[in-house]
Amino acid sequence: MPQPQLFALDALSYFDVIVVGSGAAGLYAALCLPSHLRIALITKDAVNQGSSNWAQGGIAAAIAPSDTPEFHLTDTLQAGVGLCDGDAVTFLVEQAEGAIASLLDLGVAFDRHQGQLALTLEAAHSRPRVLHSADTTGQAIVSILAARVLEQPHIQIFEHSFALNVWLHPQTGQCQGIRLLSQGQVQWLAARAVVLATGGGGQVFAQTTNPAVSTGDGVAMAWRAGAIVRDLEFFQFHPTALTVPGAPRFLISEAVRGEGAHLVDETGDRFALHYHPSGELAPRDVVSRAIFSHLRSHDHAYLDLSPIAPQRLRLRFPNIIQTCHQWGIDVFNQPIPVAPAAHYWMGGIVTDLMSRTSIPGLYAIGECASTGVHGANRLASNSLLECLVFAAQLAKIELPSKRDIGSNDHKAKNGMTHGVTTDLTTDLMADSWPNSWPDSWLAATEKAIAIRQELPSLMWNHAGICRHQQELDSAIIRIQQWRSQLASTHLGQFILCSTQTSQSVLLSTELSNCVQSVAETLNLLDIGELILKSARWRTESRGGHYRNDYPQTHPDWQVHTFIRGNIIKNKAVALSSPAVSVNC
Ligand code: FAD
Ligand code: SIN
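See the structure below:
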């Protein structure tokens, strides 16, 4: 893949649209946005780092002659346990074929069987409808999308650049850009629209299949800016992550069970069948809870791949075979030790069919968005599809004129000309830089590092697969303590400040790292608290949210959980509280 060129942000930098995130959603959005626009694609690591690149099983689309979008719709609604938005799901399944055609046009090589696109079965799908590229489907898609983005002169990619805040116009509330840490500089970057495509938040849990970049930044930033977020209690726990001491929770794709693998315990009992008639292919939450419960009385859960012919195994799962081998497991002769891990966040920033959030000028796509297609539980392989279908909506984006972004007074006050801050160039606050800052920033970073060692275990133990009121309450108290300790530090205040200060700030590499580390920790604390509060609010069990103290699904709870600022409600219309204000 060609390497992105390094661009410097300077006073001449001006963007119509800033896209934050370079997973399937962000990359495809950048390609779909009209090509006369100047687009910045901001990403906090290398361009291909993200869940999209790790996706294994594939992408769902009803393209088989025996399948229809209506069947896909029915399966998706059933998986979502009453909380899907019918219009959003209809839109998703109807756009699927076109999205696949577009990927094929761009050059994505899906597996074929006898010349036709090969389709596999995954849990809770009534038909084989998952397109794949061996067991590295995400990589096949992301590498092509990234290569196509790099060919576009109107898209500039900024790698290793971290979005800190969403920047709102103080009078109109319109989103007018972001606050960014890039190449050692913290600066305000103006644009006519901002698209958040920052992915999920699996890193908030100790056991997760998600990559390191999945720290919920977009949801935290949008929530702090006052956007409405929805259904944050619904986290999907994937049943089968590799469980070997010292190994990361590498995903063992559901497609392995779709191809015939069995879940067994150390006695060889195929225990999933005791919990649900569909056994291994029951919905993910059911299989995850089955493993979780079974492990209370048994030592191990294994995935036994012996029902799959070795030749088929080699063809379909080369990456899984290789990674297991790396961790000492020969899948041809040994079952794979597995356990559930946090995998996908159904909740997120509320968006409409045009991918607009509740804040004018702010859009959200991919896993950080709550489009309404997943409800309480996502159907496998619907996520990559959602990334593409809702990113494509940005082709129809309506931008405010540059004049409308802010009043002239405001521009003068904030040093903006034509939507560009004049102080994007280095403006080192050499004189005003108190000598004590670096020391206090390092101390805050040490605090953040300590919190990150404890927070994921707290979340896993108190808000994981099975939840209970008392555990949720005690975790909320702990998180609030950590949050206020970190937010009250000088660095915490610097990061949370969402009102433009006149200068940009140039930092050493060490202090840049401090900013990112504390910012990510604050984001994790924010999403942790929001997940816990949403989980406490919902006194029933549904989809990815299971309460030991309320184990039944209750018809009265067939409603969403909306949060804006500190208000939690079942109805978006009732959310009229102001955004969370952070004093600078
Ligand atoms: P991501 O691909 O995660 O990208 C997020 C991007 O945002 C990254 O580039 C990141 O660096 C950037 N970013 C985040 N915060 C910031 C910030 N503050 N500043 C700048 N940049 C930022 N789904 C399927 O449909 N099929 C599958 O087979 C499948 N398999 C999966 C396997 C694994 C192991 C995992 C973890 C997930 C899988 N999923 C699958 C889910 C799916 O991959 C994700 O939901 C989807 O790829 C999310 O795409 P995204 O573009 O929203 O986010
Ligand atoms: C998998 O391959 O099991 C993951 C599929 C998904 O999360 O959609």
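Residue 1135 in our numbering sits at position 283 of the sequence shown, with consecutive numbering throughout.
For glycine and all other residues, C-beta sits at the position ideal for the given N, C-alpha and C.
Because the structure is a prediction, the values reported are computed rather than measured.
- Contact between isoleucine 894 and phenylalanine 1010 holds, since their C-beta atoms are separated by about 5 Å, short of 8 Å.
- Under the DSSP assignment, aspartate 1117 falls in the beta strand (DSSP E) whose first and last residues are 1114–1117.
- Looking at the DSSP output, alanine 912 shares a beta bridge with Val982.
- Of all residues, those with a beta-carbon under 5 Å from at least one heavy atom of the ligand SIN are Gln908, Gly909, Ser1105, Glu1106, Ala1232 and Ser1233, reported in chain order.
- The ligand FAD approaches threonine 1050 closely enough that one of its heavy atoms is under 7 Å from the residue's Cβ.
- In this structure asparagine 1229 is buried. Its beta-carbon is surrounded by 16 or more other beta-carbon atoms within 10 angstroms.
- For tyrosine 1215, the uninterrupted beta strand (DSSP E) segment begins and ends at 1214–1216.
- When DSSP states are grouped into helix, strand and coil, tyrosine 1196 belongs to the strand group.
- Inclusion of alanine 876 and leucine 997 in the CB contact set at 8 Å is warranted, their separation being smaller than that value.
- Counting along the chain, the unbroken beta strand (DSSP E) around glutamine 1039 starts and ends at 1037–1048.
- Assigned with DSSP and collapsed to three states, asparagine 1422 falls in coil, not helix or strand.
- If you ignore the 5 residues before and after phenylalanine 1014, its C-beta comes within less than 6 Å of the C-beta of Lys896, Leu1033 and Gln1368, all in its own chain and listed in chain order.
- Checking the 7 Å criterion, the Cβ of valine 945 is out of range of every heavy atom belonging to the ligand FAD.
- Per DSSP, the unbroken beta strand (DSSP E) holding alanine 1093 starts and ends at 1087–1094.
- The closest CA to that of cysteine 884, considering only Gly1025, Ser1233 and Ala1244, is found on Ala1244.
- Straight-line measurement puts the Cα of methionine 1206 at about 21 Å from the Cα of isoleucine 1030.
- Within the region 870–950, the complete alpha helix (DSSP H) runs of at least 4 residues fall at 876–884, 903–906 and 921–931.
- Considered as a whole, the region 1353–1426 harbours 1361–1389 as its complete alpha helix (DSSP H) runs of no fewer than 4 residues, in chain order.
- In this structure, cysteine 1349 keeps its C-beta atom at 8 Å or more from the C-beta atom of asparagine 1400.
- Glutamine 1178 sits in a helix when the DSSP states are folded into three classes.
- Residue range 1027–1034 is occupied by the beta strand (DSSP E) that includes arginine 1031.
- Ranking Thr1175, Ala916 and Phe1086 by CA distance to the CA of lysine 1385 puts Phe1086 first.
- Taking C-beta atoms as the reference points, valine 1241 and glutamine 930 fail to come closer than 8 Å.
- By the criterion of at least three beta-carbon pairs nearer than 8 Å, the region 911–918 is not in contact with the region 1189–1197.
- Taking aspartate 963 as the centre and dropping the five residues before and after it, the same chain places the C-beta of Ala970, His984, Ser985 and Ala986 closer than 7 Å to its C-beta, in chain order.
- When secondary structure is reduced to three states using DSSP, glutamine 1186 falls in the coil class, being assigned neither helix nor strand.
- Residue burial annotation: leucine 1167 is exposed, with fewer than 16 other C-beta atoms found within 10 angstroms of its C-beta.
- Between the ligand FAD and the CB of glycine 873, the shortest heavy atom gap is smaller than 7 Å.
- Distance from the C-beta of valine 1065 to the nearest heavy atom of the ligand FAD is below 7 Å.
- Excluding residues up to 5 positions away in sequence, Gln1055 lie with their Cβ nearer than 7 Å to the Cβ of alanine 1064 in the same chain.
- When secondary structure is reduced to three states using DSSP, asparagine 1171 falls in the helix class.
- A heavy atom of the ligand FAD is found nearer than 7 Å to the CB of asparagine 1062.
- Annotation: the continuous beta strand (DSSP E) that includes glutamine 1008 extends over 1007–1010.
- Residue pairing from DSSP leaves arginine 1148 without any beta-bridge partner.
- Per DSSP, the unbroken beta strand (DSSP E) holding asparagine 1017 starts and ends at 1013–1020.
- Under a 10 Å Cβ-count criterion, isoleucine 1329 is classified as exposed, with fewer than 16 other Cβ atoms of the shown protein chains found around its own Cβ.
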